[in-house]
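Oh and the sequence shown: position 13 is 15 in the working numbering, straight run, nothing missing.
Beneath this line is the structure, given in structure tokens, with notes to follow.
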Amino acid sequence: MSATLKIRVIPRASKTEWGGKRGEALVVRLQAPPVEGAANEALLKFLAKQLEVRASELEIVAGERARNKVVRVAGMTESELNDRLP
Numbered sequence: 003m004s005a006t007l008k009i010r011v012i013p014r015a016s017k018t019e020w021g022g023k024r025g026e027a028l029v030v031r032l033q034a035p036p037v038e039g040a041a042n043e044a045l046l047k048f049l050a051k052q053l054e055v056r057a058s059e060l061e062i063v064a065g066e067r068a069r070n071k072v073v074r075v076a077g078m079t080e081s082e083l084n085d086r087l088p
């Protein structure tokens, strides 16, 4: 059982926070720069805290080097995921 989440990342923001929606994707503003995986690491840490799951339950399955990403959340249904999103 897993759910997926479409994310649009905006690196080097003034603070890490939700940024609304852009099309089907949720926007996440990250303080981290897109260098050496720092933004991906910050994204997974932010999502883990916001969704109240362990970071090990999150995986970037598409877009690891792009701003548009797909993140899989293990152990959660689409319905449960939607209930935890802003």
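Built from N, CA and C at the ideal position, the CB exists for glycine as well.
Since this is a predicted model, take the numbers as computed values, not measurements.
In the DSSP assignment, what residue or residues form a beta bridge with residue i?
{"i": "residue 4", "result": "76"}
{"i": "residue 40", "result": "According to DSSP, residue 40 bridges with nothing at all."}
{"i": "residue 19", "result": "31"}
{"i": "residue 11", "result": "30"}
{"i": "residue 24", "result": "27"}
By DSSP, does residue i sit in helix, in strand, or in coil?
{"i": "residue 69", "result": "coil"}
{"i": "residue 87", "result": "coil"}
{"i": "residue 61", "result": "strand"}
{"i": "residue 54", "result": "coil"}
Please classify residue i: is it buried, with 16 or more other beta-carbons within 10 angstroms of its beta-carbon, or exposed?
{"i": "residue 11", "result": "buried"}
{"i": "residue 71", "result": "buried"}
Leaving out the 5 sequence neighbours to the left and right, which residues in its chain are closer than 8 Å to residue i when beta-carbon positions are compared?
{"i": "residue 24", "result": "10"}
{"i": "residue 4", "result": "74, 75, 76, 77, 78"}
As a quick exercise: from the options, pick the residue whose alpha carbon is nearest that of residue i.
{"i": "residue 6", "options": "40, 27, 15, 13", "result": "27"}
Excluding sequence positions up to five away, which residues of its chain have a Cβ less than 6 Å from the Cβ of residue i?
{"i": "residue 53", "result": "86"}
{"i": "residue 20", "result": "88"}
Counting only C-beta atoms, is residue i closer than 8 Å to chain E at any point?
{"i": "residue 32", "result": "As a matter of chain content, chain E is missing from the structure shown, which is built from one protein chain."}
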